[in-house]
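Residue numbering for the sequence shown follows the numbering used here, beginning at 6 and increasing consecutively. The beta carbon of each residue, even a glycine, is placed where N, CA and C say it ideally should be. Values in this document were obtained by computation on a predicted structure and should not be read as measured data.
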Amino acid sequence: MDEIKIFAPGTIANVSCGFDVLGLALDNVGDEMVIRKIPENGIIISKIVGQDLPLETHKNVAGVAGLALLAEANANHGFEIEIYKNIKPGSGIGSSAASSAGAVWAINELLGKPFGVKDLVRFSMEGERLATGVPHADNVAPALFGGFTLVRSQEELDIISIPTPSELYATVIHPQIEVKTADAREILKTNVSLKDAIKQWGNVGALISGLYTNDYELIGRSLNDYIVEPIRSILIPAFDSVKKQSIKAGALGCGISGSGPSIFALSKGEAKALEVAEAMKSVYNKVGIDYDIHVSKINQQGIKIL
Ligand code: HSE
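Set out below in C-alpha cells:
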C-alpha cells in the first residue's frame, strides 16, 4: 500500500467537567486526508483545501506530528500529505487534533503499523503543542481511539477508553468567530478553590459512571463545569441563552466544546438532538450571528480509511 485516504473526526474536548482530560469523537464532522509514500525523506504538505493554513512542514500540525513519528521510525522514504479541511481552525471542534492524529495514523498504516495507538497519541500531541503551546491529549486521544476517552495522566501517558451509551447524540453549534486555544487558555486562573474542585471531581466521577451504566440522567446531572466555563463563556456570544434553550429543549447537558467558541449539547436519541439544534439555531437567528451546526452520533471507531 503506497497511498491511503482517511477520515479524521472532529472531537469535543473537556466535555464540561473534564478540562484537559475528557474528550469524545464525532461521527459525521471531520477532515479528509490523502497520504502517500514518496522517495524523498521527510514530509511534504502538498495541498490544503478548505482553509488557509501553512504548507511548510514545520509550521503545519500534520507535518510536525508526522516528523515526530518519523524520528522514531525505520523508514527509508518520506510522505506527502493532502489535507481537505472541513473543521475550521479555532472552532473548538479539534481541528488541529484531526490533522495531527490523521497524519500519524495514516503514516503508521503505510509503514505496516510499527506503533501502537498510545505512541500515535504521543506523536499527535506534538501537533497540539505547535497549535496551542500545550501538548494536551484530550482531542487527539478520542480522534485516535474513537468514543469517549479519559486522559488519566499526560506525563506518563495513560489513556482509558470509556464506553458510549448507544443512544447518545451530540449537537454542536459553531458561531462564526475564531477563538484561539492559546488565548482561551491564557485567561484561565491557575488556582482552583477547594470548594469548586470538590464539585468538579464529583461530576467527573459521576459522568464516567453514567457512561458505563447507560444512565442518561446521571450523565446529564454531571455535565457541569465550575472551573473553566464561567471564565471562557464570556468569549462566546449568547452562551447562556444557547445553554438555557438547549436544556429547555431536552438536552441532557450543554457546555463549551473544547476551548470554544463552539457549544455542544448531549441528548438521548437523534430526534432530541435535532430539537436541541433548532433551539440553538433560534437563539443565534434572533441575535443575528452566523453559525454552522452539526448533529452527530458519537464516533466509535476514530480515524478510518475511506
Ligand atoms: N483541553 C483543551 C482546552 C482543549 O480546553 O484548552 C482545546 O481544544
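Count the other CB atoms, across all protein chains shown, that sit within 10 Å of the CB of residue 295; report buried if there are 16 or more and exposed otherwise. Stepping through the sequence shown from its first residue, residue 295 is reached at position 290. Burial call: exposed.
Pair every Cβ in the segment 129 to 147 with every Cβ in the segment 102 to 112, then say whether three or more of these pairs are closer than 8 angstroms. yes
Going by DSSP in three states, residue 296 sits in which element: helix, strand or coil? The sequence position of residue 296 within the sequence shown is 291, counting from 1. Strand at residue 296.
C-beta atoms of residue 97 and residue 267 nearer than 8 angstroms: Here residue 97 refers to the residue found at position 92 of the sequence shown. Here residue 267 refers to the residue found at position 262 of the sequence shown. Their beta carbons are under 8 angstroms apart, which means residue 97 touches residue 267 by this criterion.
Does the distance from the CB of residue 30 to the CB of residue 111 come in under 8 angstroms? Counting from one through the sequence shown, the residue named residue 30 turns up at place 25. Counting from one through the sequence shown, the residue named residue 111 turns up at place 106. In this structure, residue 111 does not lie closer than 8 angstroms to residue 30 by Cβ.
Does DSSP classify residue 207 as helix, strand or coil? By one-based count along the sequence shown, residue 207 stands at place 202. Residue 207 falls in the helix class under three-state DSSP.
So does residue 264 have its beta carbon nearer than 7 angstroms to some heavy atom of ligand 1? Locating residue 264 in the sequence shown gives position 259, where the first residue counts as 1. Answer for residue 264: yes, Cβ within range of ligand 1.
Considering just the uninterrupted stretch of the beta strand (DSSP E) at residue 3, what are its terminal residues? With the chain covering 6 to 311 only, the question about residue 3 has no answer from this structure.
Could you tell me whether the segment 177 to 196 touches the segment 280 to 300, where touching means 3 or more Cβ pairs closer than 8 angstroms? Touching, per the Cβ criterion.
Go ahead and pull the three-state DSSP assignment for residue 173. Here residue 173 corresponds to residue number 168 of the sequence shown, with the count starting at 1. DSSP places residue 173 in strand when its eight states are reduced to three.
With DSSP run on the structure shown, which of helix, strand or coil describes residue 153? The sequence position of residue 153 within the sequence shown is 148, counting from 1. Reduced to three states, the DSSP call for residue 153 is strand.
If we count the other Cβ atoms within 10 Å of its Cβ and call it buried at 16 or more, is residue 217 buried or exposed? As a working mapping, residue 217 is identified with position 212 in the sequence shown. Exposed, by the Cβ-count rule.
For residue 16, report the span of its beta strand (DSSP E) as first-last. Within the sequence shown, numbered from 1, the residue matching residue 16 stands at position 11. It spans 8 to 18 - the beta strand (DSSP E) in which residue 16 sits, taken as one unbroken run.
Could you please give the first and the last residue of the uninterrupted beta strand (DSSP E) stretch that includes residue 87? Here residue 87 refers to the residue found at position 82 when the sequence shown is read from its first residue. 83 to 89 is the extent of the beta strand (DSSP E) around residue 87.
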